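Note that the UniProt record's numbering has the sequence shown beginning at 1, numbered continuously upward.
Backbone N, C-alpha and C fix where the C-beta goes; we use that ideal spot for every residue, glycine too.
All of these numbers come straight from a predicted model, not from anything done at the bench.
Written below as structure tokens is the structure these notes are about.
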Amino acid sequence: MADISPDNLFKALTGSFSPDANQRREAENFITAAQRQQGFMQALCRVWIEDQVESVIRQSAAIQVKNGIKNFWSRRVQYDGSVQQITEPGPSGYELCDADKQFVLDNIVDIAVHAKGDAKLRNLAIECVRECIRREYPACWTKLLPQALGLITATDDSNKVMVGLLVVRKISREFEMKARGRPGRESLDAVIVQALPPMLQLGEKLYSGAEAMDTQAIDMLRVIAKTFHSCIQTSLHESLITDHASCGRWMELFLKCSTMLTVPVNKLPADNDMRQQMPLAKLQKWTMRNIHRFIGRFGNPRLVAAHESDANVAAVMTNFAQWWLDTFGPGMTQQMIELLQRRATQGIFVSDQVLCQVFGFVAEAVQHAITYKIIKPHVQFLVHDVVLPVLAFSQEDQQLWESDPEEYIRRQAACEAIFSDPRSAAGDLLRALVSYRGRDSLAVIMVSVSADLDACSRVGDKNDMQACCKKDGALNALENIAEQLAIAAVDKSGKSKKSKKGKKKQSSALENQLPNVDSLQQMLVNVVLPEFKSQCAFLRLRACSTFAAFVTEKISFSNEVFNAAFVATKACLSDSELPVRVQAGSSIKAFFSDCSDQMRPVVAQSVPEVIDRLLRLTQEVDSESLASTLDTMATDFSDAVGPYASQAVNHLVPAFLRQMKAEENDDDATMAAMGTIQTILSLMESVFKNPAALAQCEQSICALLDALFVPDGIDYLEDGLEILTGVTFTAPQPLPESLWKYYCLMYQACCGGSLPGFELTGPLAEGWAADYIENMLGPLDNYLSRGTQTWLTGSSPTGMRYTEMLYNIVKKGFEMQDDFAAVQSAKIAALVFENCKAGQADEWIEPYVSFLAGALKTCDKSKSKQDLLRWILYAFVMMLWYSPTAFIAVLDKHSLTLDVLSAIVQGASLLRSHDEKKALILALGNLLRSMLQLPSHVQGTCQKVVQTVYEQCKEVQSMRLKAKEKAAHKGDDDEDDDGSDWVDEDDDGLIQDLGDDEDASASRQVMLMQEVRAQLMAVLSGEVSDDDDDSDYDDDEEDENKTSALDPYDEFMYMGETLSQCPALLQQIAPQDQENWKKIIQERANQLAQKKQN
């Protein structure tokens, strides 16, 4: 056992930095061995706080402490606040002793204080605090919050104050998502009640230091603002609602920090990225977030009640919101306008994050009459001097385009841009102005847009950068309000379905400003189409995106205009500039998804050319949008794409495999990989329609499946299983030997073990994807139905029989102690006896019955068990269909016969779909045909069996009649459809045309929140509808990737033959039922005869 004194640990930590590999290895081995000894953490902490030790060694000790907490300290305090005693080591196999744990809890905050000026050491200590909070707070670390408050309030030592603030921040961050009334909320409430008041006093004192640009004061204010934000993340505490004075002080502090503090221009860093990371910029980001949170949520009387399920709380919150809006709304709005004015006229720096929040605040303020009165006089300033310049192509954009075009493309498509790019927020503001205050803003917007467009036109052919940038901003503005302009144009032209039904017309003042469809189309022809051939590359890019935005809105363009834009966009796929090509690849999707019936043949002719260019682009850059375009083409133009689908798959599989390898540290690669695999899935639908096409891409598909059927491919295993389902359905029958490799890999994923070239070790040795058993149903069904003989006689490279492998999968599902997994296992068991002929699988009846009968005993009447009971009964039904005599013999052997038959008869109503009822009728019919060969106790059930079959036939007949009525009703609906219902939702939320004294309607947002809450409550209460329960009847129902051994049988004809063979069976039911049954069977016979003639 190693001597883990602080001196020895110091030597080992020092040795771990040695340039001598042997010495370094020896030191690392010592540390590894010492990690699992009592006292290790205490010794590390003593090295950590030793001032005489150089900083890098102390940091190494600190990192060891943090890793020790993460790896060897199990969570004792659970998410609901309860304490769970630790009785065995965690996954690492070792648990820190109680003495080491208590030492860390007692000293970690003091260690953070001791770090003083070394920010790295202090931050490591705070990270350790965070990890300890997750494991021990609050029940087992009760002194932490009082200790932090003592540091904040009882000293003038700024270092101690900062540590106290950081500790409180970590507590609030851990519990910020605990909503009012949820377990664990008490920990956040304690911070709100005990910590926020002294933090408010401290923040007010620190403001003067922030005015003097004191970095320490600014950093403390930032921590305070972040803590406050965590405290209001889900709901407001009562103290903030009732104490208006305190709330007002918080708002004043945040407003001053957000709008009154500025860094002098001469002290700004030259580099823009450095400016964005200045301490003041970070502070203002959080203070503005808090302000925005109030106007968008807690200070919005129209929305705040929708977040509350309790009526009394909703009323209180509505009153608070109205007070907040009346008290702070106008003043804050004025301050935001003035901040934007100083930015535009004086050139003060406002970070991108803050600018986003300011735009968001103003967009919210536009909706309220009391705040819009402040905004109205400044609409022209906001549009012309603020929004349009932000939307325009900038010098920074040009530099990035030239230096790293791929990074430019990445930033344009980045999801996080929605929350951090001022362009996105500026577009939101523009849409808010048009949607809610169109009569005041639309003319201003169009005049400003026209002015910038005219300025570029006056330049002529000269490539004036400033004028081109202005034009880009103007076109971007049109792009951002495309939806509102399109809705208004269609409505004004009288082509909206809603206007026919009496939708309220726009006011004449606004209506006169709105373009109709023809004028909107002409505007696009005049100002957008020419830019496809602009000398300025970013205007060619903008032309693609702007025109596509209007095409997406399904405006009825003339064929000439649509075709001209389509051809121009297609030409941009070959542009000399990569960003233009990628944007064209993304924009052309709209022409495929939203083309009219008249233009569809024209667009379809271009499929080969577009696919070729898109595939070339995918080799140059990873882009989710390109994959989405290919996906749309494969879905909407499957016939045209079909001949090229295999070629496209051969191109996309290598791209996906490359993206999959790169995605671990690359979010963009992850998004691209997700898009690419979905495109491959869509293309495979075309491939599966043509077996010859499958052969052309077989090598690529095998390479793809090889990558997905291993642990590293688990994120895409579901997609791989879907592809395998199609492959096994399309491949020649019987299935070729090469495909049985993936049968073995499915088994390995579920049950573990090793295969040649696919070794599993450690925790993975027992299987790594057993929870994907549901997704394995499709391919397993195809293996059994299309390779039955191989399945019965074949074996894996390890010698295990295929039949045994399937049995082990079923066994694994039942042993997982999870009803859902057991359901899937029951379905798989049913497949065996559905696809095998009598006598082929007799040896497996008893093993499967043992699992199913055992599970049957656990099924009570609770809703959670009904699905399991349903599929256990279905498996028994398929065994009965397979061979009544063999099945009954096994049941008799275990004295289960009457119990199982009774369960089938009594549970017949659980089999809800037509396929299940058909199987039940066929199976019971087979049982009736074999009655004379069965024991007397089985013959005694004959009457109940006959009655059950008759009732099921009546239910199927009823399902047929309902399906026929539904089809007729659907036809009536189609006739009533005039094809103009492209606006199929209430568009009042998009264009409300409010007067100065009117507040915006929030009906759409409230309805959405109510729907989300209802769905959430349904999930929590277990009342979610069963998606798998399809009780509709479709006489022509076909699953493209599935066939059934029961398909050749019609259950009514089968029962008709059964009754003909055994006429006495009819005597088991009442005379009137006998005649009705005969009638039902005859009607079905007539229906099938007519269908055959047609």
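query                                                                                                                 : result
3 or more residues per run - each beta strand (DSSP E) lying fully within the region 870 to 956                       : none
Residue span of the alpha helix (DSSP H) that contains tyrosine 372, given as start and end                           : 369 to 375
Completely contained alpha helix (DSSP H) runs for the region 737 to 803, where each covers 4 or more residues        : 740 to 751, 777 to 786 and 788 to 793
Burial state of aspartate 978, where buried means 16 or more other Cβ atoms lie within 10 Å                           : Residue placement at aspartate 978 cannot be trusted, given a pLDDT of 42 that sits under 50; the coordinates are not used to answer.
Buried or exposed by the 16-neighbour rule on C-beta atoms within 10 Å, applied to glutamate 1037                     : Residue placement at glutamate 1037 cannot be trusted, given a pLDDT of 46 that sits under 50; what the coordinates show is reported in the next sentence. Label assigned to glutamate 1037: exposed.
Which of helix, strand or coil DSSP assigns to valine 77                                                              : strand
Three-way DSSP call (helix, strand, coil) for valine 444 in this model                                                : helix
Stretch pair the region 585 to 593 + the region 601 to 615: three plus CB contacts closer than 8 Å                    : yes
Pairwise C-alpha distance: cysteine 595 and lysine 689                                                                : 25 Å
Close beta carbons around lysine 505, own chain, < 6 Å, minus the five adjacent residues each side                    : Note on lysine 505: pLDDT 44, under 50, position unreliable in the model; the coordinate value appears next. Around lysine 505: no qualifying Cβ.
Valine 621, DSSP secondary structure in three states                                                                  : coil
Three-state class that DSSP yields for valine 83 in the structure shown                                               : strand
Three CB pairs or more closer than 8 Å across the region 470 to 478 and the region 534 to 546                         : yes
For lysine 966 and aspartate 976, the rounded distance between their alpha carbons                                    : Low local confidence applies: a pLDDT of 48 at aspartate 976 is under 50, so the model's placement there is unreliable, and no value is given.
DSSP state of glutamate 54 mapped onto helix, strand, coil                                                            : coil
Buried versus exposed call for aspartate 98 [16 or more other C-beta atoms within 10 Å across all chains shown]       : exposed
Serine 862 classed as buried or exposed, judged by whether at least 16 other C-beta atoms fall within 10 angstroms    : exposed
C-alpha distance - methionine 879 paired with leucine 934, whole-angstrom precision                                   : 15 Å
Under the three-state DSSP convention, the category threonine 155 falls into                                          : coil
6 Å CB neighbourhood of methionine 569 in its chain, flanking five on each side removed                               : According to the sequence as given, residue 569 is threonine; it is not methionine. Excluding residues within five positions, the ones whose Cβ falls inside 6 Å are Cys544, Ala584, Ser587 and Ile588.
Glutamine 748 classed as buried or exposed, judged by whether at least 16 other C-beta atoms fall within 10 angstroms : buried
Of the listed residues Thr552, Ala467 and Asn526, nearest to isoleucine 481 (C-alpha basis)                           : Thr552
Extent of the continuous alpha helix (DSSP H) to which tyrosine 207 belongs                                           : 196 to 211
Cβ contact (3+ pairs, closer than 8 Å) linking the region 385 to 400 and the region 317 to 326                        : no
Local Cβ density within 10 Å of aspartate 421, reported as buried at 16 or more and exposed below that                : buried
Runs of alpha helix (DSSP H) lying entirely within the region 802 to 870, each at least 4 residues, in chain order    : 802 to 815, 819 to 835 and 845 to 857
Exposure label - glutamate 186; buried when at least 16 CB within 10 Å                                                : exposed
For aspartate 1047, the nearest candidate out of Asn1094, Ser864 and Ser785 (CA to CA)                                : Ser785
C-beta contact flag for valine 193 and serine 239 at 9 Å                                                              : yes
Residue closest to alanine 1070, alpha-carbon to alpha-carbon, out of Lys944, Arg912, Phe876 and Ser82                : Lys944
Isoleucine 701 versus serine 1044 - alpha carbon distance                                                             : 26 Å
Coil, strand or helix - phenylalanine 566 by DSSP                                                                     : helix
Alpha-carbon spacing of aspartate 464 relative to leucine 539, whole angstroms                                        : 12 Å
Where lysine 120 sits in the DSSP three-state scheme                                                                  : helix
Glutamate 265, DSSP secondary structure in three states                                                               : One point to set straight first is that residue 265 is valine, not glutamate, in the sequence displayed. DSSP places valine 265 in helix when its eight states are reduced to three.
Glycine 360 to alanine 662 span [Cα, whole Å]                                                                         : 35 Å
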